[in-house]
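Novice: The structure follows.
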Amino acid sequence: AMKVFSNPRFNIDVLKVEVPVNMDYVEGFAQGETAYNKATAAAYFREQDQATLLPYIFLSAGVPAQLFQETLVFAKEAGAKFNGVLCGRATWAGSVKEYVEKGEAGARQWLRTIGFQNIDELNKILQKTATSWKER
Numbered sequence: 008a009m010k011v012f013s014n015p016r017f018n019i020d021v022l023k024v025e026v027p028v029n030m031d032y033v034e035g036f037a038q039g040e041t042a043y044n045k046a047t048a049a050a051y052f053r054e055q056d057q058a059t060l061l062p063y064i065f066l067s068a069g070v071p072a073q074l075f076q077e078t079l080v081f082a083k084e085a086g087a088k089f090n091g092v093l094c095g096r097a098t099w100a101g102s103v104k105e106y107v108e109k110g111e112a113g114a115r116q117w118l119r120t121i122g123f124q125n126i127d128e129l130n131k132i133l134q135k136t137a138t139s140w141k142e143r
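Just so you know, we're using this note's numbering here: the sequence shown kicks off at 8 and counts up by one.
Dropping the structure here:
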């Protein structure tokens, strides 16, 4: 899909994509059985990167914040030259439970502490892993 939507006729500036494998099934990340060893998973990241000359950003796909951060490091080490992320559920999903259990005040507190920490850590990871869109 990245290759198709990279066609100039679509006038797309930035692609937003999911990572090419479910990291819950990658050796070293999986809690149970695996579907990919690290070399195979890394090859999928490289293949995805080579599918476009456009800047692209990763979606979090609702995985836990820590796994998303580890995935970005893995992507960089695999050779993916992604250009950032679209912050989604990986950064704020925990606030929903707090809202249900403790109301608005609980959710706000969660966002000020853990939510802020998630964003801060993600920014630090991105400084080390993301590539400037100018390099594409």
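Note that the Cβ used here is the ideal one computed from N, Cα and C, for glycine as well. Please read all numbers here as calculations on a predicted model, not as lab measurements.
For a quick check, are the C-beta atoms of residue 138 and residue 90 less than 7 Å apart?
Specialist: Here residue 138 is taken as the residue at index 131 of the sequence shown, counted from 1. Here residue 90 is taken as the residue at index 83 of the sequence shown, counted from 1. It is a contact, given that the beta carbons lie within the stated cut-off.
Novice: With respect to the beta strand (DSSP E) encompassing residue 104, which residues constitute its N-terminal and C-terminal limits?
Specialist: Start at 1 with the first residue of the sequence shown, and residue 104 comes out as number 97. Here residue 104 belongs to no beta strand (DSSP E); instead the alpha helix (DSSP H) covers 101-117.
Novice: With a CB to CB cut of under 6 Å and the five nearest residues on each side skipped, what residues in its chain are close to residue 36?
Specialist: Position 29 of the sequence shown, counted from the start, is the residue given in the question as residue 36. For residue 36, where only same-chain residues beyond five positions count, the Cβ hits under 6 Å are 30.
Novice: With a CB to CB cut of under 7 Å and the five nearest residues on each side skipped, what residues in its chain are close to residue 32?
Specialist: For the purposes of this step, residue 32 is taken as residue 25 along the sequence shown, with counting starting at 1. Once the five neighbours on either side are set aside, the close Cβ partners of residue 32 are 41, 42 and 43.
Novice: Using the rule of at least 16 other Cβ atoms within 10 Å of the residue's Cβ for burial, across every protein chain shown, is residue 92 buried or exposed?
Specialist: Counted from its first residue, the sequence shown places residue 92 at position 85. Buried.
Novice: Taking three-plus beta-carbon pairs below 8 Å as touching, is the stretch 51-58 in contact with the stretch 73-89?
Specialist: With a cut-off of 8 Å, the stretch 73-89 and the stretch 51-58 count as touching, because enough Cβ pairs lie within range.
Novice: Quick one: is residue 123 buried, meaning 16 or more other Cβ sit within 10 Å of its Cβ, or exposed?
Specialist: Within the sequence shown, residue 123 is the residue found at index 116, counting from 1. It is exposed - the Cβ of residue 123 has fewer than 16 other Cβ atoms within 10 Å.
Novice: Let me know if residue 97 comes out buried or exposed under the rule of 16 or more other beta-carbons within 10 Å of its beta-carbon.
Specialist: Mapped onto the sequence shown, residue 97 falls at position 90. Label assigned to residue 97: buried.
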